[in-house]
Amino acid sequence: MNNMEDIIIVENLWRKFNQLVAVNDISFTVGKGEIFGFLGPNGAGKSTTIQMLATLLRPTAGRALINGHDIIREQYAVRRSIGMVFQDPTLDGNLTALENLDFHARLYDVDKKVLAGRRGELLQMVELADRGRDRVKFFSGGMKRRLEIARGLLHHPAVLFLDEPTVGLDPQTRSHIWTYIRDLRQKEGVTIFLTTHYMDEAENCDRIAIIDHGQIVALDTPSGLKQMVGRDVINLTAKNIDQLTRDIEERFGIRGNRFDGELQLEIEQGDHFIPRLLSAVGDAVESVNLHKPTLDDVFLKLTGRAIRAANAGAADAMRAMMKRRGRR
Amino acid sequence: MKHLKAIYTIWLRDLIRFFRERNRIIGMLGQPLLYLLIMGNGFSASFRLPYAPAGFSYLQFMYPGVIGMSVLFTAVFSAMSIVWDREFGFLKEVLVAPVPRWTVAIGKTLGGSTVAMIQGAILLILAPFVGVHLSPVAALEILGILFLIAFALTSFGITVASRMETMEGFQMIINFLIMPLFFLSGALFPLRGAAAWMSTLMKIDPLTYGVDALRNVFFGSAYPGAALVQFPIHLDLLVVAAMALVFVVAGTAMFNRQV
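Protein chains in written order, with the numbering used here: chain A, 1157 to 1484; chain B, 472 to 730.
Right, dumping it as structure tokens:
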């Protein structure tokens, strides 16, 4: 299991806050260069896990290695190996963007000569090169997040942790941030570990662990997870729907269901099937609609509730409580 | 060496922030100026200190006390910015960095002390206007004493701030800790002649010794034996240094304990 390429190894990690078990015996590994996502509602234990891996919180039991270093015994080596972007901004608004980067560089003992080039290169990447001398308090939420990502990468970490990297940002900025994330994996070869409670964002990950009530309930690629729920659904309309139903059954051996005057086909990899279908019986078809199972469907199936419902309500109270405790 | 760099980083941030916030410098000057201009001049007209030599005004007496006050407030405010940093997240960036917690506490203490010393030193410019003569050597001595007082008070502030979760308790700390420290320090009236219970309280207020040390340098040679000071200067410095040592250890230990 512990092969050389695993940059994060977590074994039976626990964390309790008095009676509350925030993280309940989780184990997983993350490969070098992977984009790995922790998906779950608020209060599921995502932030607690990140805090333990970042050495900010001691595990109650279990162990974890990051870049080969033990998170309990080799705290400083772990800290040097990781970059961290927290849920809430942690920049000093009274300092300029460059001063914030310099501050970080000194704390991480980044070589002066390296820093000079690195600073510019990273600001370029997050499109803030012309704002380096502006004070951060005048930045928008998206700009701050981009600067934090740049700062987290300054000391060449092996793993970049992003805790809810796009919370509170508008949709356009969110998709922008994702462009950077994919970009920097390519340019920097850095492994990315992120948490999110947005289903659509989790799709961007190579692999996803779905976490609920402190436990990992599933871990797979996004498409692998979706296959757990069922197959793709294709809805077709046609002038002569009976004829089409018969044709399809004859040619492809697929028996469709009639539903609201539409023909519904359940099939693996519907996106690959549609071209074949249309080249065979395309003339008869009026419209095609493909529905692939979403991570929402997966979460619903695994936990018995929709993630949006899980996010609201009691989970928030629990998260608030854990936050308060975590501070002490 | 690496630890020194971390301490320097934290110290530098406090200084950059201090010089960038002109409003704060001016705001922090307002209070001592009010004390000197209105209270100092007002009382000078009607009161004379017993034991004071001829021509020695109340304004001159309170001047070192007001400098002490300025250092007290600036030092405590600087230390309290830890709570601010925690509330607004910046502290996390520091705590996840590969540097020991104690370097952060020490850097913060040195930053706050430097800022408080500068703020107190600005008031030295007023010396000629309040009729206090200051030689260059005495000015340097004053700077050293100001730094020592500032260091003791900032460490004290950090010890308190490490226990605070939000800024909500700040007003209470000002009213029940900082103001009594100031009033009992002998900054505004002499310890000599105060009621016995108050005199006892004044003697256990560490700031009393800080203010007394300043008076020793300000008036020691100009008015020798004039009973303007309470204790010999080496006792003053010893008490302030002891306070600095106790609280820098306590503050660092408290800061270390937070997650």
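Note that CB positions come from ideal geometry on N, CA and C, so glycine has one too.
(request) Give every residue of the same chain whose Cβ lies closer than 6 Å to the Cβ of A:GLU1442, excluding the five residues on either side of it in the sequence, and list them in chain order. (result) THR1393, ALA1394
(message) Does the CB of A:PHE1259 have a neighbour CB from chain B at under 8 Å?
(response) yes
(request) Identify whether A:ASN1391 lies in helix, strand or coil by the three-state DSSP scheme. (result) strand
(message) Could you check whether A:VAL1241 and A:LEU1308 sit closer than 8 Å to each other, using their CB atoms as the reference points?
(response) Per the sequence shown, the amino acid found at residue 1308 of chain A is Gly instead of Leu. Contact: yes.
(message) Can you give me the C-alpha to C-alpha distance between A:GLY1482 and A:GLU1418, rounded to a whole angstrom?
(response) For A:GLY1482, the pLDDT reaches just 47, beneath the cut-off of 50, and the residue's location in the model is therefore unreliable, leaving the point undetermined.
(request) Run down chain A in chain order and give the residues with a C-beta less than 7 Å from the C-beta of B:THR480. (result) PHE1259, ARG1262, LEU1263
(request) Please confirm whether A:ASP1403 and A:VAL1437 have their CB atoms less than 8 Å apart. (result) yes
(message) Based on DSSP bridge pairs, tell me the residues matched to A:THR1127.
(response) Nothing in the structure corresponds to residue 1127 of chain A, since chain A is present only between 1157 and 1484.
(message) Rounding to the nearest angstrom, what Cα-Cα distance links A:GLN1425 and A:PRO1431 in this structure?
(response) 11 Å
(message) At the 8 Å Cβ level, is A:ARG1483 part of the contact set with chain B, yes or no?
(response) Residue confidence is low: A:ARG1483 scores 45 on pLDDT, short of 50, so the model does not pin down where it sits. No coordinate-derived value is stated.
(request) Rounded to whole angstroms, what's the CA-CA distance from B:ASP707 to B:ASP676? Just pull it up for me. (result) 12 Å
(message) Helix, strand or coil, according to DSSP, for A:ALA1357 in the structure here?
(response) The residue asked about is misnamed: residue 1357 of chain A is Glu in this sequence, not Ala. Note: A:GLU1357 maps to helix in three-state DSSP.
(request) Buried or exposed for B:GLN531, please, with buried defined as at least 16 other CB atoms from any protein chain shown within 10 angstroms of its CB. (result) buried
(request) Go to B:SER626, then tell me how far its alpha helix (DSSP H) extends in each direction, as first and last residue. (result) 607 to 632
(message) Taking beta-carbon pairs under 9 Å, can you tell me which members of the segment 483 to 495 of chain B lie near chain A?
(response) LEU483, ARG484, ILE487, ARG488, ARG491, GLU492
(request) Return the bridge partner residues of A:VAL1441 from the DSSP annotation. (result) A:ALA1394
(request) Assuming A:PHE1455 and A:ILE1366 form a contact by the criterion Cβ under 8 Å, report the distance between their Cβ atoms to the nearest whole angstrom. (result) 6 Å
(request) Pull out every residue of the segment 1208 to 1220 of chain A whose Cβ sits closer than 9 Å to any Cβ of chain B, in chain order. (result) ALA1210, THR1211, LEU1212, LEU1213, ARG1214
(message) Comparing C-alpha positions only, which one of A:ARG1387, A:GLY1409, A:HIS1353, A:HIS1447 sits nearest to A:GLY1201?
(response) A:HIS1353
(message) Measuring only the C-alpha atoms, how far is A:THR1185 from A:LEU1350?
(response) 14 Å
(request) Could you tell me whether the Cβ of A:PRO1245 comes closer than 8 Å to any Cβ of chain B? (result) yes
(message) Distance cutoff 8 Å, beta carbons only. Does A:ASN1158 sit that close to anything in chain B?
(response) For A:ASN1158, the predicted structure reports a pLDDT of 47, less than 50, and the residue's modelled location is therefore unreliable. A value from the coordinates is still provided. Taking Cβ atoms only, chain B never reaches closer than 8 Å to A:ASN1158, which makes this a no.
(request) Look at the Cβ atom of A:LEU1251, then the Cβ atom of B:ILE481, and state whether they are nearer than 8 Å. (result) no
(request) Would you verify that the beta carbon of B:ALA568 is, or is not, closer than 8 Å to some beta carbon of chain A? (result) yes
(message) Just verifying my parser: in three-state terms, what is the DSSP assignment at B:PRO494?
(response) A small fix is needed here, since residue 494 of chain B is Asn in this sequence, not Pro. In this structure, B:ASN494 counts as helix in the three-state DSSP scheme.
(message) Residues of chain B with CB closer than 9 Å to the CB of A:TYR1232, please, in chain order.
(response) PRO569, VAL570, PRO571
(request) Could you tell me the boundaries of the alpha helix (DSSP H) in which B:THR723 lies? (result) 704 to 728
(message) Tell me the residue span of the alpha helix (DSSP H) that contains A:GLU1304.
(response) 1297 to 1309
(message) So if I threshold CB-CB distances at 7 Å, which residues from the segment 539 to 561 of chain B count as touching chain A?
(response) GLY560, PHE561
(request) For A:TYR1264, count neighbouring Cβ atoms within 10 angstroms of its own Cβ and tell me buried if that reaches 16, exposed if not. (result) buried
(request) Ignore the nearest five residues each way along the sequence and tell me which others in A:ILE1410's own chain have a CB closer than 7 Å to its CB. (result) ILE1404, LEU1421, ILE1423
(message) Can you give me the C-alpha to C-alpha distance between A:MET1299 and B:VAL586, rounded to a whole angstrom?
(response) 31 Å
(request) Output yes or no for whether 8 Å exceeds the beta carbon distance between B:LEU678 and B:SER670. (result) no
(request) Establish whether the CB of A:PHE1242 and some CB of chain B are separated by less than 8 Å. (result) yes
(message) Let me check understanding here. Comparing Cα to Cα, which of A:THR1459, A:ALA1272, A:ALA1358, A:GLY1460 lies closest to A:ARG1330?
(response) A:ALA1358
(request) Would you check if the distance between the CB atom of A:VAL1385 and the CB atom of A:ASP1453 is smaller than 8 Å? (result) yes
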